[in-house]
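*Asks:* Sharing a structure below in structure tokens format, with a few things to ask.
Numbering (our numbering), first residue to last: 6 to 192.
Here it is in structure tokens:
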């Protein structure tokens, strides 16, 4: 057994080309595959009601799949920031950002002090930012990410959809995972 954080029953992340459109709820499809700033799109769709609600931010062991994608050795802690992206009082997206300690140096130290400011605004305004390939997953009841994403909003649904990708600021990686909650409406 390795020393990573809890990783049993993780979603299977894969390239979007493997998705069948009929498998994804119609309201989620346009959000799931859009490579632009999710923050900006949510702000436009929600008007003046957009907000960031910080759920928690702390150091922990990453999930196994997160550690693998980031190339982190077993037993290394990362900074995890979990937020709800809100439209008024309705959570539309649960976002989990995983930041290796080596990324939080120089100007990137600011990533650890965002508070209720959206990460997307910082990422998409940084000229050094580049984005890796998008991965998507169906996240089901019983998986840790499902439990985290739906903690404030118990669901009758048995699954939600998510996407994740690596971002690089000055070649330093961070992993952003965004899970779409049933309240989100088609853009």
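Backbone N, C-alpha and C fix where the C-beta goes; we use that ideal spot for every residue, glycine too. Computed from a prediction, not measured in an experiment: that's the story for all the values here.
Give the DSSP-derived three-state secondary structure of residue 180 in the structure shown.
*Replies:* Residue numbering aside, residue 180 sits at position 175 when the chain shown is read from its first letter. Strand.
*Asks:* Determine contact between the segment 28-41 and the segment 60-70, defined as no fewer than three beta-carbon pairs at a distance below 8 Å.
*Replies:* no
*Asks:* Among the residues of its own chain, which have a CB less than 6 Å from the CB of residue 54, if the five just before and after it don't count?
*Replies:* For the purposes of this step, residue 54 is identified with residue 49 of the chain shown, where counting begins at 1. If we look at residue 54 and ignore the five residues flanking it on each side, its Cβ neighbours are 92, 93.
*Asks:* I'd like to know whether the C-beta atoms of residue 21 and residue 139 end up nearer to each other than 8 Å.
*Replies:* Residue 21 sits at position 16 when you count from the first residue of the chain shown. Residue 139 sits at position 134 when you count from the first residue of the chain shown. It is a contact, given that the beta carbons lie within the stated cut-off.
*Asks:* Determine the DSSP secondary structure at residue 102, reduced to helix, strand or coil.
*Replies:* As a working mapping, residue 102 is identified with position 97 in the chain shown. Three-state DSSP puts residue 102 in a strand.
*Asks:* Quick test of your reading: residue 36 and residue 189, contact by CB under 8 Å. State the CB separation rounded to the nearest angstrom.
*Replies:* Here residue 36 refers to the residue found at position 31 when the chain shown is read from its first residue. Here residue 189 refers to the residue found at position 184 when the chain shown is read from its first residue. Confirmed, Cβ separation roughly 6 Å.
*Asks:* Would you list the residues sitting across from residue 169 in a DSSP beta bridge?
*Replies:* Residue 169 sits at position 164 when you count from the first residue of the chain shown. Per DSSP, 140, 182.
*Asks:* Should the segment 161-170 be regarded as contacting the segment 106-125, the criterion being three or more beta carbon pairs within less than 8 Å?
*Replies:* no
*Asks:* Short check: CB of residue 179 to CB of residue 103, under 8 Å?
*Replies:* Position 174 of the chain shown, counted from the first residue, corresponds to residue 179. Position 98 of the chain shown, counted from the first residue, corresponds to residue 103. Residue 103 is positioned such that its CB atom lies closer than 8 Å to that of residue 179.
*Asks:* Mapping DSSP to helix, strand and coil, what is residue 164?
*Replies:* What you label residue 164 is simply residue 159 of the chain shown in a count that begins at 1. Reduced to three states, the DSSP call for residue 164 is strand.
*Asks:* When you compare each of 105, 52, 175 to residue 64 by their alpha carbons, which one comes out closest?
*Replies:* Position 59 of the chain shown, counted from the first residue, corresponds to residue 64. Ranking 105, 52, 175 by Cα distance to residue 64 puts 105 first.
*Asks:* Here's the rule: buried if 16 or more other CB atoms are within 10 angstroms of the residue's CB, otherwise exposed. What is residue 123?
*Replies:* Residue 123 sits at position 118 when you count from the first residue of the chain shown. Result: buried.
*Asks:* Helix, strand or coil, according to DSSP, for residue 19 in the structure here?
*Replies:* Translated into the one-based positions of the chain shown, residue 19 becomes position 14. Residue 19: strand per DSSP, three-state reduction.
*Asks:* Measuring only the C-alpha atoms, how far is residue 59 from residue 86?
*Replies:* Residue numbering aside, residue 59 sits at position 54 when the chain shown is read from its first letter. Residue numbering aside, residue 86 sits at position 81 when the chain shown is read from its first letter. If you take the alpha carbons of residue 59 and residue 86, they lie about 8 Å apart.
*Asks:* Looking only at DSSP bridge pairs, what is residue 88 linked to?
*Replies:* Position 83 of the chain shown, counted from the first residue, corresponds to residue 88. According to DSSP, which records beta bridges pairwise, residue 88 is partnered with 59, 100.
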